[in-house]
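*Asks:* Here it is: the structure, laid out below.
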Amino acid sequence: MWWSANKARYESSVREPAEALAGELEPEFGGLKIFRPHRDVRFSADKRPYKEHLGLVSSRMNEPALYFQLSAEGVMVGGGLYQPDRDRLARFRALLDDPASAEDVLHAVEETKRAGFELLVEGALATAPRGFSVEHPHIELLRLKHLAIGKRLDRRDVPTDSTLIEIVSEAWSVVERWNQWLSTSVTAE
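Each residue of the sequence shown is one higher than the last, beginning at 201 in this note's numbering.
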């Protein structure tokens, strides 16, 4: 009932501006998908039916992606592999465990940090993954379950003009380098 009464407002105030933003970014970054506003509450303790943010994602399934999120808190721009499969996560961890390749991983991570991005640590393991010591020199990276990065802008810092497109484009250029590293080092078969 609430959705029916507010759908037109959602379309004009949320969906249409998101489509315009996606249209501006697609020539440089390819197709983008706008996430649906409804939440999947089937297996969630949180039964709120609607999302409290708008999300855009590049349309690459199971590959490193680009992501944009707008909410009342502000903007988050990022990407990478949000849910890497077991094999890709194992390859990432193997790279960290090998001194010959660990420097490459650390360099890729450091490059994103210098650009103001953070690794997504949500859901990280509380202890070492199976087969690794808690004393491992790269234990914080080994604990990751997502190979994604993000950068947040507080709502007071989010422009309401065309400079938002420039900000997202600049940020996604950094994410594209991270994604290229993931594609070459982690997702390549």
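Just so it is clear, CB atoms sit at the ideal spot from N, CA and C, and this is done for glycine as well.
1. Between Leu344, Arg209, Ala348 and Arg293, which has its C-alpha nearest Phe268's C-alpha?
2. For Glu228, which option in Gln380, Val368 and Glu311 has the closest C-alpha, if you only look at C-alpha atoms?
3. Under the rule that 16 or more other beta-carbon atoms within 10 Å means buried, what is Val321, buried or exposed?
4. Let me know if Trp381 comes out buried or exposed under the rule of 16 or more other beta-carbons within 10 Å of its beta-carbon.
5. Compare the Cα-Cα distances from Gly255 to each of Arg239, Lys247 and Leu344 and report the closest residue.
6. Is the beta carbon of Trp378 less than 8 Å from the beta carbon of Gly230?
7. Tell me whether Glu318 sits in a helix, a strand or coil according to DSSP, three-state version.
8. Count the C-beta pairs between the region 329–341 and the region 290–298 that are closer than 8 Å, then say yes if the count reaches three, no if not.
9. Give the secondary structure of Gly255 by DSSP, where H, G and I count as helix, E and B as strand, and everything else as coil.
10. Could you give the C-beta distance for Arg355 and Ala220, rounded to a whole number, given that I count them as a contact under 8 Å?
11. Restricting to Cα atoms, I'd like to know which of Ser258, Glu370, Leu353 and Asp304 is closest to Tyr282.
12. Just mark Ala371 as buried or exposed, buried being the case when its beta carbon has 16 or more other beta carbons within 10 Å.
13. Identify the residues that DSSP records as bridge partners of Leu266: which are they?
14. Compare the beta carbon distance of Val386 and Arg288 with 8 Å and say whether it is the shorter of the two.
15. Please classify Pro359: is it buried, with 16 or more other beta-carbons within 10 angstroms of its beta-carbon, or exposed?
*Replies:* By the coordinates alone:
1. Within the sequence shown, numbered from 1, the residue matching residue 268 stands at position 68. The residue with the shortest Cα to Cα distance from Phe268 is Ala348.
2. Sequence index remark: in the sequence shown, residue 228 carries index 28 (1-based). The shortest C-alpha to C-alpha distance from Glu228 to any of Gln380, Val368 and Glu311 is the one to Val368.
3. In the sequence shown, the residue the question calls residue 321 occupies position 121. So Val321 counts as exposed.
4. The sequence position of residue 381 within the sequence shown is 181, counting from 1. Result: buried.
5. By one-based count along the sequence shown, residue 255 stands at place 55. Checking every option, the nearest Cα to that of Gly255 belongs to Arg239.
6. Residue numbering aside, residue 378 sits at position 178 when the sequence shown is read from its first letter. Residue numbering aside, residue 230 sits at position 30 when the sequence shown is read from its first letter. Going by C-beta atoms, Trp378 is not nearer than 8 Å to Gly230.
7. Position 118 of the sequence shown, counted from the first residue, corresponds to residue 318. Looking at Glu318 - three-state DSSP - the assignment turns out to be strand.
8. The answer is yes - the region 290–298 touches the region 329–341, with three or more Cβ pairs under 8 Å.
9. For this step, residue 255 is matched to residue 55 along the sequence shown. Gly255 falls in the strand class under three-state DSSP.
10. Position 155 of the sequence shown holds residue 355. Position 20 of the sequence shown holds residue 220. Contact between Arg355 and Ala220 does not hold, since the beta-carbon distance rounds to 19 Å and is not under 8 Å.
11. Taking the sequence shown and counting its residues from 1, the one referred to as residue 282 is at position 82. Nearest option by C-alpha distance: Ser258.
12. Here residue 371 refers to the residue found at position 171 of the sequence shown. Result: buried.
13. Locating residue 266 in the sequence shown gives position 66, counting from the first residue. DSSP lists Gly279 as partners of Leu266.
14. Your numbering for residue 386 matches position 186 in the sequence shown. Your numbering for residue 288 matches position 88 in the sequence shown. Going by C-beta atoms, Val386 is nearer than 8 Å to Arg288.
15. Position 159 of the sequence shown, counted from the start, is the residue given in the question as residue 359. By the 10 Å Cβ count, Pro359 comes out exposed.
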